[in-house]
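K.L.:
Mind looking over this structure? Questions follow.
Chains as they are written, first to last, in our numbering: chain L, 3 to 340; chain H, 3 to 340; chain P, 3 to 340; chain G, 3 to 340.
If you want it as structure tokens, here you go:
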């Protein structure tokens, strides 16, 4: 069996997650992982997974002719140069979202990818979630007729730490970006206009850092549908990830995933355990699936990755439009963002 | 508009309930209500409802030629004589369940009804519940194919007081009797065999009075189906009334009714308010419907009441068989109960 | 027992609904009902309900000194003059929503009410719904902490006929007005800003009449919370009426009401019957409750009606702001609407 | 890292399932797999999984001193001799259920295990299911008080083929045996009496082979609780695996697992996709967990396996009692089965 040789740039939480899934994929060999901080712990972890090399220098991946595909899991500000270099080296690329905080730079990276003729997949893992896939399928096959309203609820269980907020690009770019992609994915249509309301209701520190923690974002789509996203950085009951698409012939809604189906009746109430609390738990299968499909695409020579650079660019443009809308207190057309 | 003149024997909880519903029925006039204890409070209540007479003597009802129908809501031990007298006086009869604690006496009462050619409806109100009606309808129309398994959960929120238990005939006769009728109603078939297990788990006082408080009753039906009923006299979370019918082409299950649909998510759990706690609350509509249909039958001259004396007799025979089964530790055929 | 004497102006669907509930209320006597079209059918209906007089002239109500309270159930354009006349005649008033299509006229009517010292209740019946009452209670008692997001889904099963759309004031005024009141009721706070998106997706005829059939309306509240309402004039699966309030300590969501709890499992799917289809069915109890509470207020001499003229005015101002927002393509502050 | 060397006897569906899970467990090396039919396909499969040897002779496992633990996944009639030989060779044993169709033979095998001082775990995988574990935990920690009623619904999506039915030991032994173990697991108490009703309702061929396809089994427990199991070999809507435990302080019920949470509303109904259809899909995680815990026990030198030979024996005795009860038409005490 042919195996795909891959390198992973960045051994943080998400880099390691991909490494673990890739190491269980019989079609893949993880040749090298690079990280700015190579510790003994990292070495031990890599050995257990059967990763051949650990290096501080990402160029050991880019310049290794035996490596066919690169996973870019480093911090956002490195995505554009790494994509560019990897593309120029002829490697296929899986890059985490967002590609950059400035959609114009993202456009540059996409040019490099195009010029090199390599494949680029981006990390919108939620498209691979069993619930959202089912919604998309129902919409695409016309089970609910024409989509009129797309509603997305996306709330984190707890805010990130302030250090992250400083560099994240803000709620629209670091959190709602998944929802912007989801809106396009579910509707099968482009967003044409955005109106965003934001507020600091969870923690004043977030406001002091120039960000918001709560938002309602209204959307218009090319196909005439309208949408709304609501976000909060803190849902005390756990990760809240639901969508609803309402159409001319019906409606489909997905609820959260729960750790079990137990319903407990007591003298006080009828209750169940909280929904899955953390994104790694909730989206476990989706992370496995997105890498599996990427590998499949490369090995079969298809360049039809399920979520590509254009998808990343569009989500970034919507995020930019949302921020502009909030700052200027008016709806912003997507064609303003060029 | 023609109005039906009715009398009510017994002004306890259930007698008053029927009186209130009848007094709101434009086709009915409640002429007289009798009770062994005529208080000022009762007089006031009757006046407010527009009931013409209150009397201590039930014969004022039986012997009143202007009264066409009698509701028998007195204690169980009076049902047989009152049915017999009312029938002989040519009155149509609505009688609460059970007709008697001894099915042979019930048979006697049914003879009197038959001889007089009057209509007798019995108080299995649960047949008129929105949930159970829907199950019956699905079964009858073949939506789940042939019924294979009939499961009934029937648990009271709290045990009755000891004085009631002394005269009630026991759990099978005072409580499960509704479930025996439900088993026949849902399956559309006769019960042929009963195996009953009982236990005293809720309150030892109940055991000292010779009764049980918890039961599992297995059934066989003429059409080949099997069934099981589980009973408890104390479900701390409220009145628990669910059924499930499983068949060759599918299954239907009904859950409890709740006071609202609110789902509350907190850091501890996702919960909802307890199901409706009390039978008067849960079965409110069914009580209205059963009297409405009885009145309708009389006024239209139909003698096809929705639940009749034979239904009461069969439920009593099953209750008798269940008790016999528990005492003798063996399955009992219904044809043993003659 | 003292009885309140009432008159009802307008014997259309809603006038008759109130009449029927009032006629079953032991504390009320419906003295007179007026309608522009007095038919034999109306006479017969009134007689059956025990209503003493039927008249074509509403003045027979206004000028009848024995009548203490008036229900105004005529067409919207008559509400202001009838309120004014009834107030001047010293009658307490129950008026259907909206008071008028022009909030400045509504202000005038409220002045008349204030000057006369009478009580005015307005017909936001949804406040009396078991589900929404429970949400309000949970929010008010702090069970979910501070409210951050208020989400209201409000979709009709089918659009009204074109004749109604011509005079209704449009989706914001005839349909969303209930939701604007709900937003205030659930949040316990005033709306300060509105941004509305509308579209014609259900039926082009609605667009030709200058109205919309689908909307997403974003709100800001005085207490810092944000909200969103989504409306459609046509949900094929039935009346869709849900809300969710998300707060710092949790969230509460209410689902629709269903005619039964049956869950049916077949080889194709697990399904249940559609939610209650029509507003009279869904909000049955709420209509009874709102009139009961109004009567209670009058009889006890309280002037604390549960929903008053100011509530009606505020909902109308929000509706006006929503329309302005949609037409001008910008968020509109409520203080612009004076 | 120390690795446990294991051998697997039997490369059928369940043998391969365990092999696949074990091959992903970093603490395990699968040394050898044996099967009566060694094909090229089996060789290829084993190579891909990194299994060193494939053999037709199970003795290559029993006699290999480097192998510390044996998984017995061959047909039921071989379990007793293989357990005995493996125990005598000093290997720890994981054996699929049931150990044998004759509990007296099982007792013999358990003697051999005891004499050899090895560990034996048996394949009641459902104890490791997320739903049932949660129920057990709630019962054990007293959240529902004392258990009064234990209800188990266990229905297969489709009957096995007739060849299997001929050798399976019948519904009580091949199917309900899981439920008998579940009853003991959830109640934390021994079954003392069994009453079983069976019927042939699904397919007459099953009856011709001397088996039943539908059953209701009533149980009594040492701690006073009562229970009921209902079984069908054919639930058209999929694998139906639910339990409910009702106690003095409340109740807990678990529903089936579904492939997604999508709820679809159309003009006809509100529906969701059927529950997970097949046991491998539904119990996927439980199979991984049971092997993981077995390996953990061996490696840590604990001999406290989560489900042992005695558990298997008890379930077999209950199955035997159930069959006896059905044949003799009477409740059977477990102490009759010695």
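Glycine included, C-beta positions come from ideal geometry on N, C-alpha and C. As the structure is a prediction and not an experimental result, all values here were calculated from the model.
DSSP three-state call for residue 228/L: helix, strand or coil?
P.N.:
In the structure shown, residue 228/L sits in a strand (DSSP, three-state: E or B).
K.L.:
Is the CB-CB distance between residue 74/H and residue 96/H below 8 Å?
P.N.:
Cβ atoms of residue 74/H and residue 96/H: closer than 8 Å.
K.L.:
With burial defined as no fewer than 16 other Cβ atoms inside 10 Å of the residue's Cβ, what is the status of residue 148/G: buried or exposed?
P.N.:
So residue 148/G ends up on the exposed side.
K.L.:
Thinking just about the alpha-carbon of each residue, which of 103/P, 187/P, 78/P is nearest to the one in residue 139/P?
P.N.:
Answer by Cα proximity: 187/P.
K.L.:
Between the C-alpha atoms of residue 77/L and residue 325/L, what's the straight-line distance to the nearest angstrom?
P.N.:
Between residue 77/L and residue 325/L, the C-alpha separation is close to 22 Å.
K.L.:
May I ask you to verify whether the region 93-107 of chain P touches the region 217-231 of chain H, counting CB pairs closer than 8 Å and requiring at least 3?
P.N.:
Cβ pair count under 8 Å is below three, so no.
K.L.:
Are the C-beta atoms of residue 333/P and some chain L residue less than 8 Å apart?
P.N.:
Closer than 8 Å to some Cβ of chain L, the Cβ of residue 333/P qualifies, so yes.
K.L.:
Closer than 7 Å by C-beta to residue 279/P: which residues in its own chain qualify, once you throw out the five before and the five after it? Chain order, please.
P.N.:
Excluding residues within five positions, the ones whose Cβ falls inside 7 Å are 159, 240, 241.
K.L.:
Compare the beta carbon distance of residue 276/P and residue 132/H with 8 Å and say whether it is the shorter of the two.
P.N.:
No, they are not a contact pair.
K.L.:
Got a sec: which bits of the region 259-271 of chain P sit with their beta carbon under 8 Å from any beta carbon on chain H, in order along the chain?
P.N.:
Answer set for the region 259-271 of chain P: 259, 261, 262, 263, 264, 265, 266, 267, 268, 269.
K.L.:
Taking DSSP as the reference, what is the three-state secondary structure of residue 299/G?
P.N.:
Helix.
K.L.:
For residue 114/P and residue 94/P, which I take to be in contact (beta-carbon distance under 8 Å), what is that distance rounded to the nearest angstrom?
P.N.:
No, residue 114/P and residue 94/P are not in contact; Cβ-Cβ is about 13 Å, not under 8 Å.
K.L.:
Looking at the secondary structure, which residues open and close the alpha helix (DSSP H) in which residue 306/L lies?
P.N.:
Looking at the DSSP string, residue 306/L is not in any alpha helix (DSSP H), and its letter there is neither H nor E.
K.L.:
Apart from the five residues on each side of it in sequence, which residues of its chain come closer than 7 Å, Cβ to Cβ, to residue 152/H?
P.N.:
Contacts found: 185, 188, 189, 227, 229, 247.
K.L.:
Which of the three DSSP states is assigned to residue 265/L in this structure?
P.N.:
Looking at residue 265/L - three-state DSSP - the assignment turns out to be strand.
K.L.:
Can the beta-carbon of residue 274/P be found closer than 8 Å to that of residue 56/G?
P.N.:
Contact: no.
K.L.:
Please name the residues in the region 197-216 of chain L whose beta-carbon is closer than 8 Å to at least one beta-carbon of chain P, in chain order.
P.N.:
The residues in question are 197, 199, 201, 203, 204, 216.
K.L.:
Compute the beta-carbon to beta-carbon distance between residue 294/P and residue 27/P, rounded to the nearest angstrom, for a pair I have assumed lies under 8 Å.
P.N.:
6 Å between Cβ atoms; contact.
K.L.:
When the Cα of residue 256/H is compared with those of 135/H, 163/H, 335/H, which residue comes out closest?
P.N.:
Residue 135/H is the option with its Cα nearest to residue 256/H.
K.L.:
Check whether the Cβ of residue 305/G lies closer than 7 Å to any heavy atom of the ligand COA, and answer yes or no.
P.N.:
This structure lacks the ligand COA; in fact it carries no ligand of any kind.
K.L.:
So which residues on chain H does residue 63/G lean against when the C-beta distance must stay under 9 Å?
P.N.:
Simply none; closest approach about 44 Å.
K.L.:
What does the alpha-carbon distance come out to for the pair residue 67/H and residue 235/H?
P.N.:
Cα to Cα, residue 67/H sits roughly 43 Å from residue 235/H.
K.L.:
How far does the alpha helix (DSSP H) with residue 186/H in it extend, from its first residue to its last?
P.N.:
Unbroken alpha helix (DSSP H) run through residue 186/H: 178-189.
K.L.:
Taking only runs that begin and end inside the region 120-169 of chain H, name each unbroken beta strand (DSSP E) of 3 or more residues, in chain order.
P.N.:
Runs of the beta strand (DSSP E) inside the region 120-169 of chain H: 122-124, 149-157.
K.L.:
Report all residues from its chain with a CB closer than 8 Å to the CB of residue 81/L; omit the five preceding and five following residues, and keep chain order.
P.N.:
Hits under 8 Å: 74, 97, 98, 100, 101, 102, 111.
K.L.:
Relative to chain P, which residues along the region 233-263 of chain L have a C-beta separation below 8 Å, given in chain order?
P.N.:
Answer in chain order: 234, 236, 237, 238, 239, 242, 248, 250, 251, 252, 253.
K.L.:
What residues from chain H crowd round residue 226/G, counting only those whose CB sits closer than 7 Å?
P.N.:
Under the 7 Å cutoff, chain H gives 201, 203.
K.L.:
How long is the line joining the alpha carbons of residue 219/L and residue 232/L, rounded to whole angstroms?
P.N.:
Approximately 6 Å between the Cα atoms of the pair.
K.L.:
Between the Cα of residue 32/H and the Cα atoms of 238/H, 297/H, 85/H, 178/H, which residue gives the shortest distance?
P.N.:
Among 238/H, 297/H, 85/H, 178/H, the Cα nearest to that of residue 32/H belongs to 297/H.
K.L.:
Going by beta-carbon coordinates alone, are residue 175/L and residue 13/L separated by less than 8 Å?
P.N.:
No, Cβ-Cβ distance for residue 175/L and residue 13/L is not below 8 Å.
K.L.:
Roughly how many angstroms separate the alpha carbons of residue 137/G and residue 209/L, rounded to a whole number?
P.N.:
One C-alpha to the other measures close to 44 Å.
K.L.:
With 9 Å as the limit, tell me which residues of the region 153-169 of chain P have their beta carbon closer than that to any beta carbon of chain L; keep them in chain order.
P.N.:
The region 153-169 of chain P vs chain L, Cβ under 9 Å: 153, 155, 157.
K.L.:
Kindly provide the ranges of any alpha helix (DSSP H) runs that are 4 or more residues long and lie completely inside the region 12-40 of chain H, ordered along the chain.
P.N.:
With a minimum length of 4 residues, the continuous alpha helix (DSSP H) runs that stay inside the region 12-40 of chain H are 15-25.
K.L.:
Using a beta-carbon distance below 8 Å, is residue 151/G in contact with chain H?
P.N.:
With 8 Å as the cut-off, residue 151/G counts as an interface residue toward chain H.
K.L.:
Please compile the residues from chain G whose C-beta is within a distance smaller than 8 Å of the C-beta of residue 220/H.
P.N.:
Per Cβ cutoff of 8 Å: 197, 199, 218, 220, 230.
K.L.:
Among 123/H, 54/H, 11/H, 23/H, which residue has its Cα nearest to the Cα of residue 60/H?
P.N.:
Selected option, being the one with the closest Cα: 11/H.
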